[in-house]
Every structure is written in C-alpha cells, then in structure tokens.
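Asker: Just so we're aligned, residue 9 is where the sequence shown starts under this note's numbering, counting upward by one. Can you read through this structure? Questions will come right after.
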Amino acid sequence: SRGLSYAMAPPALLAAPWGPEGVRRELTETIERAAKELLRSCASRSPPEACMVDSIGRRVAHAGPFKIASASSSKLLPADLAEGPVRSSGARADRLVGKLLGLRNSGAPRSSRRLARMLALLDSIHGLLVSGRHGSPRELFYSHAALFANQRNSDDVLKTLCGLLEVPRHHLRLVGTAKGLVRGHLRLLEPPAGSILSGDGRCEGCWIDGMDPFEPRGHSIAPACAHLLRVESLARVVLVVEKETVFYRLLSEGVLEKHKPLILVTARGFPDLATRYLLRRIKEDCAEPRVLLLTDFDAAGLTIAATYAFGAIGESDANGVSRGWQEDLGLPQVELLFCAGGAAGAAQRFGLAPGDTQPLGRRDRALAQGLLQRLERLRDHGARGSEGAGGGGAVLAPGEPADPMAAWEEAARTLLEGGVKYELDALPGLVDMVSSAVRSSK
Numbered sequence: 009s010r011g012l013s014y015a016m017a018p019p020a021l022l023a024a025p026w027g028p029e030g031v032r033r034e035l036t037e038t039i040e041r042a043a044k045e046l047l048r049s050c051a052s053r054s055p056p057e058a059c060m061v062d063s064i065g066r067r068v069a070h071a072g073p074f075k076i077a078s079a080s081s082s083k084l085l086p087a088d089l090a091e092g093p094v095r096s097s098g099a100r101a102d103r104l105v106g107k108l109l110g111l112r113n114s115g116a117p118r119s120s121r122r123l124a125r126m127l128a129l130l131d132s133i134h135g136l137l138v139s140g141r142h143g144s145p146r147e148l149f150y151s152h153a154a155l156f157a158n159q160r161n162s163d164d165v166l167k168t169l170c171g172l173l174e175v176p177r178h179h180l181r182l183v184g185t186a187k188g189l190v191r192g193h194l195r196l197l198e199p200p201a202g203s204i205l206s207g208d209g210r211c212e213g214c215w216i217d218g219m220d221p222f223e224p225r226g227h228s229i230a231p232a233c234a235h236l237l238r239v240e241s242l243a244r245v246v247l248v249v250e251k252e253t254v255f256y257r258l259l260s261e262g263v264l265e266k267h268k269p270l271i272l273v274t275a276r277g278f279p280d281l282a283t284r285y286l287l288r289r290i291k292e293d294c295a296e297p298r299v300l301l302l303t304d305f306d307a308a309g310l311t312i313a314a315t316y317a318f319g320a321i322g323e324s325d326a327n328g329v330s331r332g333w334q335e336d337l338g339l340p341q342v343e344l345l346f347c348a349g350g351a352a353g354a355a356q357r358f359g360l361a362p363g364d365t366q367p368l369g370r371r372d373r374a375l376a377q378g379l380l381q382r383l384e385r386l387r388d389h390g391a392r393g394s395e396g397a398g399g400g401g402a403v404l405a406p407g408e409p410a411d412p413m414a415a416w417e418e419a420a421r422t423l424l425e426g427g428v429k430y431e432l433d434a435l436p437g438l439v440d441m442v443s444s445a446v447r448s449s450k
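Structure representation (structure tokens):
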C-alpha cells in the first residue's frame, strides 16, 4: 500500500502541503508589498531599518529596474515605487503595512527595536515561502539571535505576524520539532514533507502501519505534514498519555494486545501542534472514537490535559473562543482519566504508597486555581455549545457527573483539597487503572 497517490484519497487531500497555493502566493506578495511600502517611506531619510528589507527586495523578480531613491541614500528603490502609491493586496497587506509604518513613525526606541525584529522574521519567512523549504521557530530565533534575548521574544513576534496575516503557523512554512509518538491499530496516510502537486494533480504519499514491527517504540508524528494526515482505524478508544516513560511502560506491559483495537499516543510532555492535529484527524476520520487523557495527578498534568481539550491559552480569547486565524484543535469530547479521591483513592485501588506522594507547592495551587477560573469562564460563555466544554471524565468510580464540565472541576478541587500530588510512574497498578478505563469505554 506504500506509494499510494493522493488522487485515490478524498478530494481535500489535493491541497498543497503548506496550504492552498493561492494563500502562499498572497502571503508572498503581501510581504513584498509591505517591504516596498516601507522602502518608499524610508527613501528620503534611509534610516537603519531600510537595509533590513533590502534582502526581501532582491527576491522580488517582478519589481523592474532600480533607480537611486535619493541623492543622500545609497539604497536602491524599485522604479515602480517612484510613481504613485503601492496598491494593497487586501486586508492582510493593509494590516501588515499599517503595523510596520506605525512602528516606524512612532520614533520610540522600543518601537524601532520591535520593527527591526518584525522585519528580520518577515525576511526569513519570505525566504521560506519563495524557496519551498520549511523551518522551525527555533531556527528562526538562532538566525536572528542578535535581535532577541531569548526564543520567547521571537515567538511573541511570530504570533503577532500570524495574527496580522491571519494564518496558522504552518502556512508560513514554520513547524516545530518532532515530539509526538503514536502506536496502535491504525494506518496513517502521510505525505512527504516537501511534496508538491504534479501536473496531473497527484501528490504521492505512503501508508504507515501503526503496528510496524520496525517501529516497536512508536511512529514519530512528523510536524511538517501533520495537518494533512489521513487515518484509517477500527479502534474505539484512543489513550493519550502525558509521559514518554508511561507510553513505553504500557507498550511493554502489552496494553495494545490486551485491548485491541486501541491507539496509544503521547506528546512527551506539553502537547505540540502535530500531535493535536493527529488527534483531531483520528476523531474526524475514524467514527468518533473515545479519547481518554491520562496525566500525572498534579496541576501541571491537569493543565496539559486541558490543553488537549480546550486548546492552549494563547490560541483563544479570554472566553475560550478560538481566534479567527488559529485553527481550533480542541477536542471537546475528550475524557479526563483520574482516580476518584485523588491520592487516597489511588492508594486504595492501585497501590500508591504514601511515600510516593508530594505536597502541593505554591505554583501547583496557582495552576489549579487558574484552571478552575478558566473552566468557569468556559462554562459562563458556553463556548462549546449545548454539549459542554469537555467530554467529562472517567473518574473510575460508580456514577458519572451529569454535567460534562464537572469532572474537570472535580479533578482540580480534589487536588487542592487533598493537598498532595503523585506521578503515574509511581503507580504500581497503572496497567489495571488503564484496563479498567478502556474496558468501560468499549
């Protein structure tokens, strides 16, 4: 089945791997025109930031012959800029040009520094769009390390640019490093990272067997093409675990063989976009299997679980509504898997030793309180409609809350009231806990 053409798959697969070609061309043109507009504004004085758009200008093949912009400047300006204003290529260009010119006209040192950072990232993004290759935010930071104190600064500017251009990050050919792993009874139709449509409208891809004996420790979820994956599976349950160690422990204990068909997924910590794209595709392609989330019983683990269910905080507004340019990767019907009674319940049912618990710290309490506040905002706003903001939880106790949000709130309150936390690695009966949840889901 390897080498299957995308022409044999659903028509949606006939899109280019980095988004529609029209969007790529519009993004390229938007950046080029913004650079030209800024050059026009800078031509008379030629401030330092003018040279930062020069590399973008050199890539613009249709700009025509160049002439000297002014007697006092050695910079060259496209001849078509000397006559009349540059026509905007739409709302994207209007927003981007307005932001760049606003920063330039501000005159404040902070604005000049932010303008330099935005131009540097735009230069790199334009290069990726034109060349056809892809990069990572980490690579973007190191390419301009002199302008950023740390990667958080460059990521903040990148988020601003995504908002101005109203596209998700992968449309700019920027992806994260591979983190997620998947193993189980499924097949993935995975396009090559650098593939493009051929003349007859076909794009070659290959089927990946989720139980491939040559990948016994799981298949790495490729971030370069995760948003284009297609999945085939008869599994009725998908188990998502927080930690890589727990993922390998469940594999070695034979959980997949005991409960087949089953899919096991981990993002090895905080969920990355590629893993979340895969989970959304599994839900859409495979007849809505139940998705169970298994994390450490601490504030960080509950926050990770909430990211799978409701999305990362930066992807939505204060009410939990996804921003227009950011794809909604939340999974409203996922179920949080935790033991009723917290650490005391885990000790009674699954052998958790008293020495394997730890008291909550100040940060743990702050995270748990923040999660409760977020759940309250989601409940008040009704962001998930009549079905609730989450799929409830498998609390491993008789009787399930009628309110689907109640399981999430119960987990956070149980953690705060108990005052102790524990990690899954310390749970002797982990496999029994998983088996009980999976059997009740089938």
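The beta-carbon is built from N, C-alpha and C at its ideal position, and this holds for glycine as well.
Can you check which of these residues, Cys347, Leu383, Met413, is closest to leucine 438 by C-alpha distance?
Answerer: Ranking Cys347, Leu383, Met413 by Cα distance to leucine 438 puts Cys347 first.
Asker: With proline 436 as the anchor, note down where its beta strand (DSSP E) starts and where it stops.
Answerer: Element bounds for proline 436: n/a, residue is neither H nor E.
Asker: So leucine 310 packs on leucine 379, CB below 8 Å; how close in whole Å?
Answerer: With 8 Å as the limit, leucine 310 and leucine 379 qualify as a contact, their Cβ atoms being about 6 Å apart.
Asker: Between Arg357, Leu345, Thr422, which lies nearest to glutamine 377 when the distance is taken from Cα to Cα?
Answerer: It is Thr422 whose Cα lies nearest to the Cα of glutamine 377.
Asker: Rounding to the nearest angstrom, what Cα-Cα distance links glutamate 431 and leucine 360 in this structure?
Answerer: When rounded, the distance between both Cα atoms is 10 Å.
Asker: Within 10 angstroms of the Cβ of leucine 242, are there 16 or more other Cβ atoms? Answer buried if so, exposed if not.
Answerer: Looking at its Cβ environment, which holds fewer than 16 other Cβ atoms inside 10 Å, leucine 242 is exposed.
Asker: For threonine 303, count neighbouring Cβ atoms within 10 angstroms of its own Cβ and tell me buried if that reaches 16, exposed if not.
Answerer: Buried, by the Cβ-count rule.
Asker: How about valine 446 and leucine 270: are their beta carbons less than 8 Å apart?
Answerer: The answer is yes: Cβ separation under 8 Å.
Asker: Is it true that the CB of arginine 41 sits closer than 8 Å to the CB of leucine 137?
Answerer: No, Cβ-Cβ distance for leucine 137 and arginine 41 is not below 8 Å.
Asker: Tell me the DSSP bridge mates of glutamate 198?
Answerer: DSSP lists Cys214 as partners of glutamate 198.
Asker: Distance check for glycine 135 and glutamate 384, CA to CA, integer angstroms please.
Answerer: Each residue's alpha carbon lies about 44 Å from the other.
Asker: Where does arginine 225 sit, in a helix, a strand or coil, going by DSSP?
Answerer: Coil.
Asker: Less than 8 Å between C-beta atoms, sequence neighbours within five positions excluded: which residues of the same chain meet that for valine 239?
Answerer: For valine 239, where only same-chain residues beyond five positions count, the Cβ hits under 8 Å are Leu194, Arg195, Leu196, Leu197, Leu286, Arg289, Ile290, Asp293, Cys294.
Asker: Are the beta-carbon atoms belonging to leucine 172 and lysine 107 less than 8 Å from one another?
Answerer: Yes, Cβ-Cβ distance for leucine 172 and lysine 107 is below 8 Å.
Asker: Among Ser114, Pro117, His152, which residue has its Cα nearest to the Cα of aspartate 131?
Answerer: Residue His152 is the option with its Cα nearest to aspartate 131.
Asker: How would you label aspartate 440, buried or exposed, when you count the other beta carbons within 10 angstroms and need 16 or more for buried?
Answerer: Exposed, because fewer than 16 other Cβ atoms sit within 10 Å of the Cβ of aspartate 440.
Asker: By DSSP, does phenylalanine 278 sit in helix, in strand, or in coil?
Answerer: Here phenylalanine 278 sits in coil by DSSP.
Asker: Residue range of the beta strand (DSSP E) that leucine 111 falls in?
Answerer: Here leucine 111 belongs to no beta strand (DSSP E); instead the alpha helix (DSSP H) covers 99 to 114.
Asker: For a quick check, are the C-beta atoms of aspartate 306 and lysine 167 less than 8 Å apart?
Answerer: Contact: no.
Asker: Name the residue from Leu337, Ala354, Gly338 whose alpha carbon lies nearest to the alpha carbon of leucine 345.
Answerer: Of Leu337, Ala354, Gly338, the residue nearest in Cα terms is Ala354.
Asker: Can you name, in chain order, every residue of its own chain whose Cβ lies under 6 Å from the Cβ of glutamate 417, other than the five neighbours on each side?
Answerer: Correct list, in chain order: Leu383.
Asker: What residues match up with phenylalanine 149 in a beta bridge as DSSP calls it?
Answerer: DSSP lists no partner for phenylalanine 149.
Asker: Output the boundary residues of the beta strand (DSSP E) element that contains glutamate 240.
Answerer: Where glutamate 240 is concerned, the enclosing beta strand (DSSP E) stretches over 238 to 240.
Asker: Would you kindly check if the distance between the Cβ of arginine 125 and the Cβ of phenylalanine 156 is under 8 Å?
Answerer: The answer is yes: Cβ separation under 8 Å.
Asker: Short check: CB of leucine 301 to CB of leucine 272, under 8 Å?
Answerer: No. Outside cutoff.
Asker: In angstroms, rounded to a whole number, what distance separates the CA positions of leucine 169 and arginine 141?
Answerer: In a straight line, the C-alpha of leucine 169 is about 19 Å away from that of arginine 141.
Asker: Please state the DSSP three-state secondary structure of leucine 368.
Answerer: Residue state, collapsed to three classes: coil.
Asker: What would DSSP say about isoleucine 204, mapped onto helix, strand or coil?
Answerer: The pLDDT assigned to isoleucine 204 is 44, lower than 50, so where the model puts this residue is not dependable; a value taken from the coordinates is nonetheless given after this. Three-state DSSP puts isoleucine 204 in coil, outside helix and strand.
Asker: What is the DSSP secondary structure of glutamate 34, reduced to helix, strand or coil?
Answerer: Three-state result, glutamate 34: helix.
Asker: Taking Cβ to Cβ, would you say threonine 185 is nearer than 8 Å to alanine 101?
Answerer: Contact flag unset, no.
Asker: Just the C-alpha distance for glycine 319 and aspartate 217, rounded to the nearest angstrom, thanks.
Answerer: One C-alpha to the other measures close to 28 Å.
Asker: Whole angstroms is fine: what's the gap from glycine 349's alpha carbon to glycine 262's?
Answerer: Computed Cα separation, rounded: 28 Å.
Asker: Looking at the strands, I want to know which residues DSSP matches up with leucine 301.
Answerer: According to DSSP, which records beta bridges pairwise, leucine 301 is partnered with Val248, Leu344.
Asker: Closest to leucine 104 by CA distance: which of Trp215, Leu386, Ala232, Leu123 is it?
Answerer: Closest by alpha carbon: Leu123.
Asker: Return the CA-CA distance between valine 190 and arginine 112, expressed in angstroms with no decimal places.
Answerer: Answer to the nearest angstrom: the Cα atoms are 47 Å apart.
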